[in-house]
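Protein chains in written order, with full-length UniProt numbering: chain U, 1 to 486; chain S, 1 to 486.
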């Protein structure tokens, strides 16, 4: 069916908020990569590379990362509880996975993993998550504050839906940002109020910049309702210092903003001198309690060392709202009934993994640390390689799963992009894809200082592939510069 | 934290669309039931019943329905593929579940059930679903038209978001309706255009009523964009006749409406003289192709004989839209990355269950038919019991999982409700809960002809509980009438 202005639904007659929404992580370049992948299958040898390497998205298991055995054991037993009555199960499964599955099942009414749960998620699992948060932070957490979600995204949408009444409501978002935020703000009809991270100081978050942008937005009649902070940063990989976090909390408190803390990379820290602190811990350590600050912390099972993207689990911890507003948050969650139970179970496991003395503890630690140490090595190798490229500078990935190098493009390349009707960084990324099979996301998908060009590249390809990626990237970059050199 | 007008977020300062949204299936009465359940735990014997029986929601496994063994076997093996390499697995699992898991895993790139999939879902699973649809309908189906979703609800939201630009856009919805539709329309800022089902003819859907309501809405300046049809009906349980469906297709075609076909109860048919026909089959059998009619069919793993609510799987089959509109639907799906893979796998299984000759076939059929036949008996027993109550009439549940009896309330009861600041049917349902522990949803949550009162009651309690429910319901109803008799 072609475009037809008389059809019941045309692009001209759909909700303009949908048209406005963009999500570069799965945008044009990925569609093109999928086409090339099909071409490789139907016509091998027709391209200058053998495989497409998807560095566009934080999807570790798609690139060969193995799931944590204990987590999958518990999941399989919970999915098919009849196994727990068979003698062979003790041969196939670790003893603590069996015990954990039994404990989880006993916390589910009727042991029914196929039933809708409470709209916030199964109470016993929320208890386990609250315990995990309390152990992490050293401050109490409450199961009633946990809303289990299908990944972190639905929780972000839930809050945007709650806060945004019209274009006159704004959300302060970092630039560069993870485009879920710009997409969700567009879909809910609000205004993204940008604050720029300072690339020169390792993507520093300056309070003066927050203040300037807040005042600027207010002077335009925008009611700024919340501040989004992504820590560790996506796509920028920085880890905030405790002092900086305190300033941010103080800023939100003084300005009457909700603090939306994207903390999904809390386990992904690769440098010894940085440590993850949740914003809730920071706020409580400053003496701020429930009454003082509306704060939402997002966590996801898709990230960390677990990388269980396909299981779609996560939670938001909602504190500092009145009970009447909480009822509204609950109501919206209840329209979708509940998040998937397998994801709920995994969320409880990542916040309460095996402990010293458990049968799986040693193998669990070996799997976990193997993944995290390898990610740190990959981050360093790619960062060094990028910094060795002419005209490219790349901040350290202190955390998260990405590098976000700046590429200084020659004028001729920018003109060639203009002729091809592409943004210059999209033109670069597309050329990279067509030469090497490596898929990265242009910086314009995340936002960047005008006139600068970046791309986001994950650190997720398996370690044995990194040298080849580096040599292909290096060769491509040299030839690209040579082609367009001013 | 109490209500505080100076707080950053108050009920007065949130998005009014959120305030307007209502979802009675998990509303006030369920919250009250949960309180009573806690009271029973902490203070047994303090209430005139021993347990709460949740008849408010189509959640079969929460009331003891067992999952289909084959489905759970495949799921457990897909969650923990290492099992496939162990010799004990052939003792614990059926041979066809092992083969099916291997086939499914081989269709997933890298066998990674922990990776985000394509935004529409894993291609191999969509192929299986398209085959299942084609076998069901006798007309071809295309994997590219399938969007796998976390239950049916996100697919409904996706289409409402696409179609609704403002309050001037309307959606024709049946009254009574499943409140997901009213909730989603409210959240997306559109207008619900009601059409009334005719209780006197077994909740008949009259084209004259559709026309009348459409014209009435148009005369008020509403652009009606789509027609929602729920078949089998929720909460009303009727199954549409083929002739009626043809009229509906013709109506949508002539009036330029998208047909949103909620077909999640397609396997739940309890009478011999009715048969489920998908609207796509009807449209194709009338000679209408892809060009002629935008049509979305919703299916869910939560219903049928499988009842896998907690796994959150489902799909929408999207046909008859231009490629440019399809791109927009895809884009919105991609913002949330993908639906959960376990739910995707289950959706492929329910559309392609074991076949004659497969090792599990006989036990599968026994489980399936055992559930469906029992549901039919339960529907009949409850329907008869309701029709035996003074002043109550109840149409047959030809399909779905609900009865929706009309209760003629005495004037004094209506006055007592007014005094208690409750809708009369909510007052009745609350009294029923407090006397018997049985949770039903007041008809006002679904919509009803003004001045009539109904409630929705699922047919899902296990069969051995039905006699007790009937006797408690009967005793309650008599004493309620005696108390308020005019």
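By construction, the Cβ of each residue, glycine as well, lies at the ideal position given by its N, Cα and C atoms.
* Inside the region 296-323 of chain S only - alpha helix (DSSP H) runs reaching at least 4 residues -> none
* **At least three beta-carbon pairs within less than 8 Å, the region 39-55 of chain S to the region 91-105 of chain U** => no
* **Any chain S beta carbon closer than 8 Å to residue 150 of chain U** => Walking along the first chain from the start, residue 150 of chain U turns up at place 150. Interface residue, yes.
* Asked: Would residue 244 of chain U pass as a contact of residue 265 of chain U if the rule is Cβ separation under 8 Å?
  -> Working through the first chain from its first residue, we reach residue 244 of chain U at position 244. Working through the first chain from its first residue, we reach residue 265 of chain U at position 265. Not in contact: residue 244 of chain U and residue 265 of chain U (Cβ atoms no closer than 8 Å).
* Asked: Which of the residues in the region 333-351 of chain U, read from start to end, lie with their CB under 8 Å from any CB of chain S?
  -> 334, 335, 336, 337, 338, 339, 340, 341, 342 and 343
* Asked: chain S beta carbons: is any one of them nearer than 8 Å to that of residue 11 of chain U?
  -> The sequence position of residue 11 of chain U within the first chain is 11, counting from 1. So, interface residue.
* Asked: Is residue 146 of chain S helix, strand or coil by DSSP?
  -> Here residue 146 of chain S is taken as the residue at index 146 of the second chain, counted from 1. Note: residue 146 of chain S maps to strand in three-state DSSP.
* Buried or exposed: which applies to residue 490 of chain U, given that a residue is buried once 16 or more other Cβ atoms fall within 10 Å of its Cβ? -> Missing from the structure shown is residue 490 of chain U; chain U here goes from 1 to 486 and no further.
* Cβ contact (3+ pairs, closer than 8 Å) linking the region 214-225 of chain S and the region 166-174 of chain S -> yes
* Scan the region 75-100 of chain U for residues whose Cβ lies nearer than 8 Å to a Cβ of chain S and list them as they occur along the chain. => 75, 76, 77, 79, 80, 82, 83, 86, 88, 89, 91 and 92
* residue 62 of chain S CB to nearest chain A CB: under 8 Å? -> Within the model displayed, chain A is absent; protein chains U and S are what it includes.
* To do: Ignore the nearest five residues each way along the sequence and tell me which others in residue 19 of chain U's own chain have a CB closer than 6 Å to its CB.
  => If you number the first chain from 1, residue 19 of chain U lands on position 19. Once the five neighbours on either side are set aside, residue 19 of chain U has no close Cβ partner at all.
* Asked: Mapping DSSP to helix, strand and coil, what is residue 239 of chain S?
  -> Position 239 of the second chain, counting from 1, holds the residue named residue 239 of chain S. Note: residue 239 of chain S maps to coil in three-state DSSP.
* **Sheet register partners of residue 406 of chain U (DSSP bridge)** => Taking the first residue of the first chain as position 1, residue 406 of chain U is located at position 406. Answer by DSSP bridge pairing, in chain order: U/393 and U/454.
* Positions along the region 106-117 of chain U whose CB lies within less than 8 Å of some CB in chain S -> 109, 110, 112, 113, 114, 115, 116 and 117
* Relative to the alpha-carbon of residue 107 of chain S, which residue among S/429, S/78, S/425 and S/84 has its alpha-carbon at the smallest distance? -> In the second chain, counting from the first residue as 1, residue 107 of chain S sits at position 107. Ranking S/429, S/78, S/425 and S/84 by Cα distance to residue 107 of chain S puts S/78 first.
* Below 7 Å between beta carbons is the criterion; list the residues of the region 292-308 of chain U that meet it against any residue of chain S, in chain order. => 294, 307 and 308
* Is the shortest distance between the beta-carbon of residue 321 of chain U and the beta-carbons of chain S less than 8 Å? -> Within the first chain, numbered from 1, the residue matching residue 321 of chain U stands at position 321. So yes, residue 321 of chain U belongs to the interface.
* Three-state secondary structure assigned by DSSP to residue 228 of chain U -> Here the question's residue 228 of chain U lines up with position 228 in the first chain. Reduced to three states, the DSSP call for residue 228 of chain U is strand.
* Nearest CA to the CA of residue 186 of chain U: which residue from U/164, U/277 and U/70? -> Working through the first chain from its first residue, we reach residue 186 of chain U at position 186. Residue U/164 is the option with its Cα nearest to residue 186 of chain U.
* Asked: What residues in the region 262-288 of chain S bring their beta carbon closer than 7 Å to a beta carbon of chain U?
  -> none
* To do: Check distances from the C-beta atoms of the region 228-262 of chain U to those of chain S and list, in chain order, the residues that come in under 7 Å.
  => 256, 257 and 258
* Asked: Looking at chain U, which residues of the region 423-447 of chain S have a Cβ within less than 9 Å of any of its Cβ atoms?
  -> none
* May I have the straight-line CA-CA distance separating residue 447 of chain S from residue 175 of chain S, to the nearest angstrom? => Counted from its first residue, the second chain places residue 447 of chain S at position 447. Counted from its first residue, the second chain places residue 175 of chain S at position 175. Cα to Cα, the separation comes out at about 5 Å.
* Asked: For the region 172-186 of chain U, which residues have a beta carbon sitting closer than 9 Å to at least one beta carbon of chain S?
  -> 179, 180, 183 and 184
* Relative to the C-alpha of residue 158 of chain S, which residue among U/139, U/188 and U/152 is closest? -> As a first step, residue 158 of chain S is located in the second chain; it is residue number 158 there, counting from the start. The residue with the shortest Cα to Cα distance from residue 158 of chain S is U/188.
* Flag this pair as yes or no: are the beta carbons of residue 489 of chain S and residue 114 of chain S separated by less than 8 Å? => With chain S running from 1 to 486 in the structure shown, residue 489 of chain S is simply not present.
* Asked: When the Cβ atoms of the region 270-289 of chain U are set against those of the region 382-392 of chain U, are three or more pairs found closer than 8 Å?
  -> no
* Helix, strand or coil at residue 366 of chain U [DSSP, three-state] -> On the first chain, residue 366 of chain U is found 366 positions in, with the first residue counted as 1. Here residue 366 of chain U sits in helix by DSSP.
* Test: residue 23 of chain S CB closer than 8 Å to a CB of chain U -> On the second chain, position 23 is the one that residue 23 of chain S refers to. Yes, residue 23 of chain S counts as interfacial toward chain U.
* Could you check the C-alpha separation between residue 424 of chain S and residue 433 of chain S for me, to the nearest Å? => Here residue 424 of chain S refers to the residue found at position 424 when the second chain is read from its first residue. Here residue 433 of chain S refers to the residue found at position 433 when the second chain is read from its first residue. Rounded to whole angstroms, residue 424 of chain S to residue 433 of chain S spans 14 Å at the Cα level.
* Which one or two residues does DSSP pair with residue 439 of chain S in a beta bridge? -> Reading the second chain from its first residue, position 439 is the one you call residue 439 of chain S. Answer is S/54, bridged to residue 439 of chain S.
* How is the beta strand (DSSP E) around residue 175 of chain U delimited, first residue to last? -> As a position in the first chain, residue 175 of chain U is number 175, starting the count at 1. Run containing residue 175 of chain U: 169-175, per the beta strand (DSSP E) assignment.
* Asked: Any beta-carbon of chain S closer than 8 Å to the one on residue 168 of chain U?
  -> Numbered from its first residue, the first chain carries residue 168 of chain U at position 168. Answer no: the Cβ-Cβ gap between residue 168 of chain U and chain S never drops below 8 Å.
* To do: Taking the CB atoms as reference points, tell me whether residue 119 of chain S and residue 333 of chain S lie closer together than 8 Å.
  => Position 119 of the second chain, counted from the first residue, corresponds to residue 119 of chain S. Position 333 of the second chain, counted from the first residue, corresponds to residue 333 of chain S. For residue 119 of chain S and residue 333 of chain S, yes; Cβs fall inside 8 Å.
* To do: Go ahead and pull the three-state DSSP assignment for residue 132 of chain S.
  => On the second chain, position 132 is the one that residue 132 of chain S refers to. Reduced to three states, the DSSP call for residue 132 of chain S is helix.
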